[in-house]
Amino acid sequence: MKTIFNQAYEQSMSYQEFLDLMDEKIKDGLSTGHEQNEILSNFTKLNRSRMKRVTKTVELLPELTEKIQNITEKQIWLVLTESWCGDAAQSVPVLNLIAESSPNIELRIVLRDDNDPLMQQYLTNGGRSIPKLIAIDASKENELFTWGPRPEKGTAFFLEQKEKFGGVTAEVKEALQKWYNDDQGQSLQQDILKQY
346 MKTIFNQAYE QSMSYQEFLD LMDEKIKDGL STGHEQNEIL SNFTKLNRSR MKRVTKTVEL
406 LPELTEKIQN ITEKQIWLVL TESWCGDAAQ SVPVLNLIAE SSPNIELRIV LRDDNDPLMQ
466 QYLTNGGRSI PKLIAIDASK ENELFTWGPR PEKGTAFFLE QKEKFGGVTA EVKEALQKWY
526 NDDQGQSLQQ DILKQY
């Protein structure tokens, strides 16, 4: 019987294929995911430019690069995401850069709405929060570790802002994006480093 990881892997795409899909959706005024509206398509467009910036500006931590390059067993990093997700726009490019630094890590993008059985196994406080990284071994049967939907420090900052403003307000979303810009992928890398 196929594992849930196998099924997700079969429906997955490379990071470049995901970027190409985003570009196609932007051209058509759409987003990925089952729900379609102008807000989500606008976020997809904004996120595509954020992803370009993150890819150009993030520098990998030397200690993480060293650990990643010393991985000897093949790993597959399944990343549940959608094009409209602001957290994903800041984190998925960093995960891709980390994966690219090792010949033994294969990063695969898995669309959340098309892979609900996998998403249901990795809920965050009962919610379908993304991005969610599930690292598995080459057999596609064993989970190695998970990460997401935000860096630990980002989650702490978000909760602090949410309390300050009494919910997930525009001010909270703006403050979180500023936190990501200032952090430049460092906290996410520290989180991944703890896995090795």
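Read left to right, the sequence shown gives residues 346 to 541 (our numbering). Every residue gets a Cβ at the ideal spot worked out from N, C-alpha and C, and that includes glycine. Given the structure is predicted, the values throughout are model-derived calculations rather than measurements.
Own chain partners of residue i with C-beta closer than 7 Å, once the 5 adjacent residues on each side are dropped
i	result
L440	W422, V424, L452, L478
Q381	L375
T469	P494
T485	Sequence check: residue 485 is Lys here, not Thr. The answer, listed in chain order, is T348, F350, N351, Y354, I421.
Own chain partners of residue i with C-beta closer than 8 Å, once the 5 adjacent residues on each side are dropped
i	result
T491	Y467, K477, L478, I479, A480
K377	In the sequence as displayed, the identity of residue 377 is Thr instead of Lys. So the qualifying residues of the chain are L366, M367, K370, T389, E427, S428, W429, L456, D458.
Q540	A480, L489, F490, W492
Within 8 Å, strictly: CB atoms of residue i and residue j
i	j	result
T402	Q534	no
I413	I443	yes
E418	N449	yes
L489	L406	no
Q435	Y525	yes
Inter-residue Cα distance where the pair is residue i and residue j
i	j	result
L463	Y354	10 Å
Q361	D432	18 Å
N396	M358	The displayed chain sequence assigns Met, not Asn, to residue 396. Straight-line Cα distance between these residues: approximately 17 Å.
K372	S474	26 Å
D536	L504	18 Å
N415	A501	31 Å
I384	E404	31 Å
Cβ separation of residue i and residue j, assumed to be a contact under 8 Å, to the nearest whole Å
i	j	result
Q531	A520	Actually they are not in contact, since the Cβ atoms of Q531 and A520 sit about 18 Å apart, beyond 8 Å.
Residues near residue i by beta carbon distance below 6 Å, same chain, minus five either side
i	result
T410	S446
F510	E516, V517
P438	M396, V399, T400
Counting pairs of Cβ atoms below 8 Å between the region 366-380 and the region 416-430, do you hit three or more? yes
Does the region 384-395 come within contact of the region 510-520, defined as at least 3 CB pairs closer than 8 Å? no
Could you tell me whether the region 494-509 touches the region 396-410, where touching means 3 or more Cβ pairs closer than 8 Å? no
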